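Participant:
Residue numbers (the working numbering): 564 to 1843.
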């Protein structure tokens, strides 16, 4: 921003200074407001404006107000674009508050300051914006309508500014429209009508002038009457047949101008309103939009038509909505939606959804809502609607409109009326169109979308009633699995027969979408406005009705009704006798479970009931596979809940337990691609966890076993085709058309992939080579004595056919290998996805049964999965599987707060497992993998330590307790008694071997953090391992291992339990002495600090020494430290010792404890006295040559400077030093200061300022320490 101008206020008795800079000198804070107003941050500008107003109110100074106006008016034409709006807003606020300021006078100041006639060409743009923002300020003040003279002047100024379109674009015209929108009708007629008459007369010339007229017509209907319009335009209305060409021209211009903004021009919306008001909307839409704008196929015109369509929805009547929704603009929009699926194309569909959403949200007329929903639902591409099946706008439909819309969807499903649809075919589809029955094709596609839309209505967030939900569910279920033979009143779905019978594809589509509807019902909150429904919603209960019935149970009841009316309805796939028997048995079991649930209210019964219903409903989809599954489940439920049979009958060894069968059923359900199945299986498994057996658990673990991947005949692979079908059926028209659009691209990509695969084949097949040689020899193609001319045409043709057949056969074999490879890849993906689902069951079991002994059987399988996953190829799915497995193993198993406290006969097995885990952790080469094994061993350590031996678990009598307390007084006994059933010697041996290997082997996967975790969690292990740590300080394999030994020893010594476990004080003292001696020997071995590990080792030694010496001093132990002192003193003399700051700091901390003081460093100031010859090099300045360095003055300067010590030579020395210090040094530091260094240096100063001038003093205060040091050393060097 430019420098603040100096105002010349009138003399005021309150001001101490009456000069021209009075305001500037009075208050700097006042001037800072204007700097903040010009800043680009809007928050700062607004805060500065508010502060300026508060200041002006409080001060009430006339000169400050005048200066404020002058400064703000100058800022209106600022060069920085971000500053202009800030000054404009501030000026508007000042004019609004101080109403005594005349607007006309302010406008004159603005015109005078930013005079377009006198301004230079460079500043013309700034002056134009200054005038514009000045008018904007007057308008925003809210006082312009009251001052008619200023209003008229502002309008004329805006008219003149509109001529400079290159700079201001359409801003003056838009501001003029805004002014018209705010003034009263009387003011417009009296003041502005005559001034604007020229613009109104030429309204059809530009969009801005037409917009001005349209705003006037809507705002001032009493002034711009039809008679006035007749005089101005030659016609009494805007939308007439004669004006259509001119309107189209203006609209095209407006569309091009708004191309970048992607908004509907305001003139278009106002033209819509005026056409509706004049009763000429049909004429405007047909002629101006469809036959005008839309005919010219350009992007801006088309998008303007779409925006006109969306904006017109709230303005139109029901009949006018039908005209718009059935017109060419809608068809053109549908073509755009289908064709714009390529990645880089602009998509208008989200913007149209916004228009429809706002219309439905603000519309109170259900009929209009229904008309718009049907209009967009009948815009189809070969029968498939272009709007997505799941459309969020449905949530705004009123209940009446939603019911009618659902009825319309059901009617269109049963009686598809393709003729009532606004159907279209894209140009690409016309080129690739095959000869098929298009009517049947369109009906199938339409029905597919309708079922998906019905499902999405249930899944939407809008308000729904239970009757509507059950109606949709029954409709989808009936047409998925049944057909009507004869109508009956008991089944409403049989009353309407399909006009076009449903084919197998439609039934399959409805069946798949019905099961996705089941998932929506399972997560559906309780519907209704009753108190009971509200109470259930507060408890976050889902999937039930207000009377606590499962939605799926109502479907089962409805299916039973349908099956009982064999004369009226027929199943698409009729049940066999065995399947019907299983169905009837399931119904009977449901009744029994419901009776038990009413008695006990058990969640187990509820979970089994849900599972039974889910498996039972699958009889309609896959009856052959589900029949055996359902029978097994029924047998399990009977055995699980029939207590009498459990008591009377002994379990049969050959027959599997019910819990094993349930687990197999759950695994089978998990193999299906259904989220509902996954959730229900997880819920049911959580209920049967307390009854899990070892065999049942191993059924789950066998799925995760990597060894069984090759031989696994899982149901996962069988489900591949079903999954593909479901994805195909659920895809929307966007996916379909994008596939059509990308046919060429995909074919090219496939060709490239094929070529790459052919190039990557493993050499040439020898068998194929031999066959080719035989064919060529049979045709004498390899004869040495015959040329190609000797072979006749028939032989050549036969040879060509044989070779072609051979190559075709080879190509088939190559393709078969590719297909087999792709099949194996897909099977692997499905198998991995199945395993990820099975991990859910492991996670549930660990969460529900952490104290179950079966948890120990999970450890090794999970470790095996982690090990194999870390060593295999890591694609994203494999990484997800590994991450989930590791999370379950670490967080739900190893770090579980609860664990098994009744190990029983597993003591020996757990000890063996612990040994095995620690040994395998030591043998691994990967530290990350070794960490999992070590963590598992610590979990078993915790379990064994936490379990109490059987003989000590019985309660003791008081006398026995006293006797045992008196006998077991030693700390060692107390410690051992706290180890539970843990064999401490056996476990110590295992961890000691691991620790020794870690500290003595050069390469080990173990880490120090593992043993730190061991010491932190189980301090009882510190004492058995302490000797190994002490010896390893010197015996460690390398410096790193020795450093780790120091770190672990320090942790062990700091453990409180270690000292308590010592039998006597002498033992503790001997440990401290031995540790100190080992460190002394280790430090003596250090000869240099070449690499980082040398520093690391010494740092760890010093940290340990710090603790040891403090312990010796505090506890007054008899430990000799003389030899240590000598070793430390010798250490500091080694090469490279002082390179590390941390090492140096720790070293002197230790030496301080030993009584040595850290020597003080010599000051660097004394060094120049011994090397005066280096002074010129240090005083060398860059960028200029000081006077003393010039050839003629080089010998004269030092003697003169040397005589400046005396007071009598102060003036002379000041004059001599001035040019050198004040002009040379200060000029480099303070170049922006004016008149400081040179002036002060030229004038003499007192003897105390012998170094120079005021400029030098300033430099001395603000300069760097290095420059101070040079000036301080100047006098001694010159004297010498």
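All C-beta atoms, glycine included, are put in the ideal place defined by N, C-alpha and C. Everything numeric in this text was worked out from a predicted model, so none of it was measured.
Can you tell me the Cβ-Cβ gap for residue 741 and residue 702, rounded? I've got them flagged as a contact below 8 Å.
Facilitator: Confirmed, about 7 Å.
Participant: Starting from the C-beta of residue 1011, find all residues in its chain whose C-beta is less than 6 Å away, skip the five residues before and the five after it, and write them out in chain order.
Facilitator: Here the set comprises 1072.
Participant: Measuring alpha carbon to alpha carbon, tell me which of 1499, 665, 709 and 759 ends up nearest residue 718.
Facilitator: When only C-alpha atoms are compared, the closest one is 759.
Participant: Among 1477, 1616 and 1266, which residue has its Cα nearest to the Cα of residue 1547?
Facilitator: Nearest of 1477, 1616 and 1266 to residue 1547, Cα basis: 1477.
Participant: My understanding is that residue 1037 touches residue 1053, with C-beta atoms under 8 Å, so please give their C-beta distance in whole angstroms.
Facilitator: So it is not a contact: roughly 12 Å between Cβ atoms.
Participant: Anyone know if the C-beta pair for residue 1640 and residue 1669 falls short of 8 Å?
Facilitator: No, they are not a contact pair.
Participant: Alpha carbons only, please: which of 1632, 1246 and 956 is nearest the one belonging to residue 925?
Facilitator: Here the closest residue by C-alpha is 956.
Participant: Which residue's Cα is closest to the Cα of residue 1267: 1651, 1430, 683 and 825?
Facilitator: Comparing Cα positions, the closest option is 1430.
Participant: For residue 1253, count neighbouring Cβ atoms within 10 angstroms of its own Cβ and tell me buried if that reaches 16, exposed if not.
Facilitator: With fewer than 16 Cβ atoms within 10 Å of its Cβ, residue 1253 is classed as exposed.
Participant: Just mark residue 1181 as buried or exposed, buried being the case when its beta carbon has 16 or more other beta carbons within 10 Å.
Facilitator: That one is buried.
Participant: What do you reckon, are the CB atoms on residue 1593 and residue 1637 nearer than 8 Å?
Facilitator: In contact: residue 1593 and residue 1637 (Cβ atoms closer than 8 Å).
Participant: Could you have a look at residue 1590 and say whether DSSP puts it in helix, strand or coil?
Facilitator: If DSSP states are grouped into helix, strand and coil, residue 1590 belongs with the helices.
Participant: Tell me whether the beta-carbon of residue 1615 lies closer than 8 Å to the beta-carbon of residue 1660.
Facilitator: The answer is no: Cβ separation not under 8 Å.
Participant: Could you round the C-beta distance between residue 968 and residue 936 to whole angstroms and report it? I think they count as a contact, below 8 Å.
Facilitator: The pair is a contact, with the Cβ atoms about 5 Å apart (cut-off 8 Å).
Participant: Which of the three DSSP states is assigned to residue 987 in this structure?
Facilitator: Correct three-state label for residue 987: strand.
Participant: Under 8 Å, with one C-beta from each stretch per pair, do the stretch 1151–1162 and the stretch 1076–1089 reach the 3-pair mark?
Facilitator: Contact fails: fewer than three Cβ-Cβ distances are below 8 Å.
Participant: Nearest to residue 649 by CA position, among 611, 618 and 694, is which residue?
Facilitator: Answer by Cα proximity: 611.
Participant: Buried or exposed for residue 1467, please, with buried defined as at least 16 other CB atoms from any protein chain shown within 10 angstroms of its CB.
Facilitator: Exposed, by the Cβ-count rule.
Participant: Residues bridged to residue 948 by DSSP?
Facilitator: DSSP output for residue 948 lists 943 as bridge partner(s).
Participant: Which residues does DSSP list as the beta-bridge partners of residue 815?
Facilitator: Answer by DSSP bridge pairing: none, since residue 815 is not bridged.
Participant: Pick from 1133, 994, 1590 and 1040: whose alpha carbon is nearest that of residue 1630?
Facilitator: Residue 1590 is the option with its Cα nearest to residue 1630.
Participant: Could you pull the start and end residues of the beta strand (DSSP E) that residue 1134 belongs to?
Facilitator: Run containing residue 1134: 1132–1134, per the beta strand (DSSP E) assignment.
Participant: What do you reckon, are the CB atoms on residue 691 and residue 739 nearer than 8 Å?
Facilitator: Result no, Cβ atoms of residue 691 and residue 739 do not sit closer than 8 Å.
Participant: Quick one: what's got a C-beta closer than 7 Å to residue 1228's C-beta in the same chain, skipping five residues either side?
Facilitator: Excluding positions up to five away in sequence, the list reads 1192, 1195 and 1196.
Participant: Using 8 Å as the threshold, is the C-beta distance between residue 892 and residue 846 below it?
Facilitator: It is not a contact, given that the beta carbons lie outside the stated cut-off.
Participant: In terms of residues, what are the limits of the alpha helix (DSSP H) holding residue 1670?
Facilitator: Where residue 1670 is concerned, the enclosing alpha helix (DSSP H) stretches over 1655–1678.
Participant: Could you check what DSSP says for residue 1088 in three-state terms: helix, strand or coil?
Facilitator: Three-state DSSP puts residue 1088 in a strand.
Participant: Thinking just about the alpha-carbon of each residue, which of 599, 1571, 1421 and 806 is nearest to the one in residue 1407?
Facilitator: If we check each option's Cα against that of residue 1407, 1421 comes out closest.
Participant: Give me the Cα-Cα distance between residue 544 and residue 1040, rounded to the nearest whole angstrom.
Facilitator: An answer regarding residue 544 cannot be provided, because it is not within the stretch 564 to 1843 covered by the chain.
Participant: Distance, Cα to Cα, residue 1582 vs residue 1634?
Facilitator: Going from the Cα of residue 1582 to the Cα of residue 1634 covers about 17 Å.
Participant: Could you tell me which uninterrupted alpha helix (DSSP H) segments, each at least 4 residues in length, are contained entirely in the stretch 1005–1088, listed from first to last along the chain?
Facilitator: Counting only runs of 4 or more, we get 1029–1044 and 1067–1085.
Participant: In whole angstroms, what is the alpha-carbon distance linking residue 1007 and residue 1065?
Facilitator: Rounded to the nearest angstrom, the two C-alpha atoms are 8 Å apart.
Participant: Name the two residues that bound the continuous alpha helix (DSSP H) containing residue 1692.
Facilitator: Start and end: 1685–1694.
Participant: Unbroken alpha helix (DSSP H) runs of length 4 or more, entirely within the stretch 618–698: which are they?
Facilitator: With a minimum length of 4 residues, the continuous alpha helix (DSSP H) runs that stay inside the stretch 618–698 are 625–638, 646–660 and 666–676.
Participant: Can you give me the C-alpha to C-alpha distance between residue 1580 and residue 1618, rounded to a whole angstrom?
Facilitator: The alpha-carbon atoms of residue 1580 and residue 1618 are separated by roughly 11 Å.
Participant: Are the stretch 902–913 and the stretch 847–856 in contact at 8 Å, needing three or more beta carbon pairs?
Facilitator: No contact exists between the stretch 902–913 and the stretch 847–856.
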